[in-house]
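Taking it in order: structure first as structure tokens, then the write-up.
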Amino acid sequence: MTTQAPGFIRRHRLLIVTVCIIALFLLAEGAVRIVADRLPQPEHFHDPAVEIKFEQMEEIHAEGETREVVFAGSSMMNNAANPNQFTELTGITSFNSAFPAANPFVTERWVIEEVVPRLRPKAVVYDVTSLGLNGAVPDSNSFPNYNKSWQMRRGWLADLERWAADHSDLVYFRPVLQNPAEYGDIVRGLKGEDTTSADDLFARNRRYGDNGAKNLIVEQLTQDNNQWLAQTAFKAWDIDNAESRAGLDALARQVDELEAMGIDVFFVEMPVQQGFIELHPRGIVDYDEAMAVFEDFAADHGVTWIDLPSDYSSPELFHDLNHLAQPGADQFTHDLAGYFETHGV
77 MTTQAPGFIR RHRLLIVTVC IIALFLLAEG AVRIVADRLP QPEHFHDPAV EIKFEQMEEI
137 HAEGETREVV FAGSSMMNNA ANPNQFTELT GITSFNSAFP AANPFVTERW VIEEVVPRLR
197 PKAVVYDVTS LGLNGAVPDS NSFPNYNKSW QMRRGWLADL ERWAADHSDL VYFRPVLQNP
257 AEYGDIVRGL KGEDTTSADD LFARNRRYGD NGAKNLIVEQ LTQDNNQWLA QTAFKAWDID
317 NAESRAGLDA LARQVDELEA MGIDVFFVEM PVQQGFIELH PRGIVDYDEA MAVFEDFAAD
377 HGVTWIDLPS DYSSPELFHD LNHLAQPGAD QFTHDLAGYF ETHGV
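Read in order, the letters of the sequence shown are residues 77 to 421 in the working numbering.
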């Protein structure tokens, strides 16, 4: 009787295990591909608004189009700039890439890594607000959550997974298949029911239109943000601590990088209600000091400052103390359009 060498047996077992793993993977891949159109879509980012704007930019890029002007920043710019209205007034293509809680640490990655490569703009317009300079505001976790999202994770493993997801439905849907919170939607999808979440439906059907435009017609005045401003955002005030300086450094890096690519950078002071200014510990004094810091920054970095000509003192223009409602957004967009009609891009 012939006795097989231990090495041969080990190699034989390894081969069997490898074949079984490959077979299981192929079976799983085939099964997922069969039901892929009924599965919940995996989230690439931490916020539905970011997800929608990313998908819109992907579509624009895939069609070989660009956007000449990009609006960037936080929820204040998200509410304020209507790219479709801007384009109708100027003939200049535009996109609103702003989203809630997008501080300079977030926009440094978002604008440079995601927006510019897809839209290839000639100009980027950032919102400027005193709140963005307050280093005493408790961390909203927007930056850590953004960095941990599927699309933004760094490292070779994250790069490998994103590459594999382009070729494998099993890998693409892994975040959904491994998340117990998604199991209910998976079952509903397999039954042929709608798996779109309420948040996603709200964002897609009510909140956002083409080119990142936020629909504000149905928005009403809310006290939630006003309470947050009073109880949290302005509970402490410091525009010269390590956090505020780090935010300015992050802003400087992205401005310098944009300018190195030949992209013009603009700052616009966002309209706010008088009540917003009065929340600062020293009122208008603190507000003006913060604006002076941004003005000096703009001068030092070659950023063009846009002065809005209209009066924004009427509360009817606002959704809350620092977010424009539809009438205010129309006026704001008209002012920006007037600037670019005069100066070009």
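Each residue gets a CB set at the ideal place from its N, CA and C atoms; glycine is no exception.
_Between which two residues does the alpha helix (DSSP H) holding residue 150 run?_
Membership of residue 150 in any alpha helix (DSSP H) is not indicated, and neither H nor E is assigned to it by DSSP.
*Apart from the five residues just before and just after residue 329, which ones in its own chain have a Cβ nearer than 7 Å to its Cβ?*
Same-chain partners within the cutoff: 184.
_CB of residue 378 within 8 Å of CB of residue 335, strictly_ = At the C-beta level, residue 378 and residue 335 come within 8 Å of one another.
*Using the Cα positions of residue 125 and residue 190, report the straight-line distance between them to the nearest angstrom.*
Rounded to the nearest whole angstrom, the C-alpha separation of residue 125 and residue 190 is 14 Å.
_Beta-bridge pairing of residue 308 - partner residues as DSSP gives them_ = Note: residue 308 sits in no beta bridge, so no partner.
_Length of the line joining the Cα atoms of residue 168 and residue 318_ = Between the alpha carbons of residue 168 and residue 318 lies a gap of roughly 39 Å.
*Since residue 380 sits in a beta bridge, which residues does DSSP pair it with?*
Per DSSP, 342.
*Taking the alpha-carbon positions, what's the residue 140 to residue 134 distance?*
Going by the C-alpha atoms only, they are around 10 Å apart.
*Report yes if the C-beta distance between residue 25 and residue 172 is below 8 Å; otherwise report no.*
No statement about residue 25 is possible, as the shown extent of the chain runs from 77 to 421 and does not include it.
*Beta carbon of residue 347, beta carbon of residue 388: below 8 Å?*
Yes, the Cβ-Cβ distance between residue 347 and residue 388 is below 8 Å.
*What are the partner residues of residue 203, as DSSP defines its beta bridges?*
Under the DSSP definition of a beta bridge, residue 203 partners with 344.
*When you compare each of 103, 165, 106 and 181 to residue 320 by their alpha carbons, which one comes out closest?*
Residue 320 has its Cα closest to that of 181, out of 103, 165, 106 and 181.
*asked:* Can you find the residues in the same chain that come closer than 6 Å, C-beta to C-beta, to residue 300, ignoring five residues on each side of it along the sequence?
replied: Take residue 300, set aside five residues on each side of it, and no residue of its chain has a beta-carbon closer than 6 Å to its own.
*Return the CA-CA distance between residue 362 and residue 414, expressed in angstroms with no decimal places.*
Roughly 30 Å between the two C-alpha positions.
*Selection from 332, 316, 338 and 352 that minimises the alpha carbon distance to residue 303*: Closest by alpha carbon: 352.
_Just to confirm before moving on: does the CB-CB distance between residue 326 and residue 212 stay below 8 Å?_
Going by beta carbons, residue 326 and residue 212 fall outside the 8 Å limit.
*Between the Cα of residue 196 and the Cα atoms of 203, 188 and 202, which residue gives the shortest distance?*
The closest CA to that of residue 196, considering only 203, 188 and 202, is found on 188.
*residue 409: buried (16+ other C-beta within 10 angstroms of its C-beta) or exposed?*
With 16 or more other CB atoms across the displayed protein chains lying within 10 angstroms of its CB, residue 409 is buried.
_Length of the line joining the Cα atoms of residue 406 and residue 210_ = Distance between the alpha carbons of residue 406 and residue 210 is about 28 Å.
*Which residue or residues does DSSP assign as beta-bridge partners of residue 172?*
DSSP, once it has assigned bridges, lists 147 as partnering residue 172.
*Keeping to the same chain, check which residues put their C-beta closer than 6 Å to that of residue 137; ignore five residues upstream and five downstream.*
Closer than 6 Å at Cβ, skipping near neighbours: 194.
_Distance check for residue 309 and residue 207, CA to CA, integer angstroms please._
Across the structure, residue 207 and residue 309 are spaced so that their CA atoms are roughly 7 Å apart.
*Could you pull out every residue in the same chain whose Cβ sits closer than 6 Å to the Cβ of residue 170, ignoring the five residues on either side in sequence?*
Contacts found: 143, 145, 159, 162 and 163.
*With 16 other CB atoms within 10 Å as the buried threshold, where does residue 296 fall?*
Note that residue 296 scores a pLDDT of 49, beneath 50, so its modelled location is shaky and nothing firm can be said.
*Same chain only: Cβ atoms within 8 Å of residue 357, ignoring 5 sequence neighbours per side*: Contacts found: 310 and 313.
*Determine the direct distance from the alpha carbon of residue 380 to that of residue 419, and round the result to whole angstroms.*
Each residue's Cα considered, the two are about 11 Å apart.
*Give me the Cα-Cα distance between residue 294 and residue 324, rounded to the nearest whole angstrom.*
Below a pLDDT of 50, predicted positions are generally treated as unreliable, and residue 294, at 46, falls in that range; no measurement from the model is reported.
*N- and C-terminal bounds of the alpha helix (DSSP H) containing residue 166*: Its alpha helix (DSSP H) spans residues 159-166.
_Contact belief for residue 247 with residue 341 at Cβ below 8 Å, rounded distance in angstroms_ = About 38 Å; that fails the 8 Å criterion.
_Member of 286, 355, 322 and 333 whose CA lies at the smallest distance from the CA of residue 307_ = Ranking 286, 355, 322 and 333 by Cα distance to residue 307 puts 355 first.
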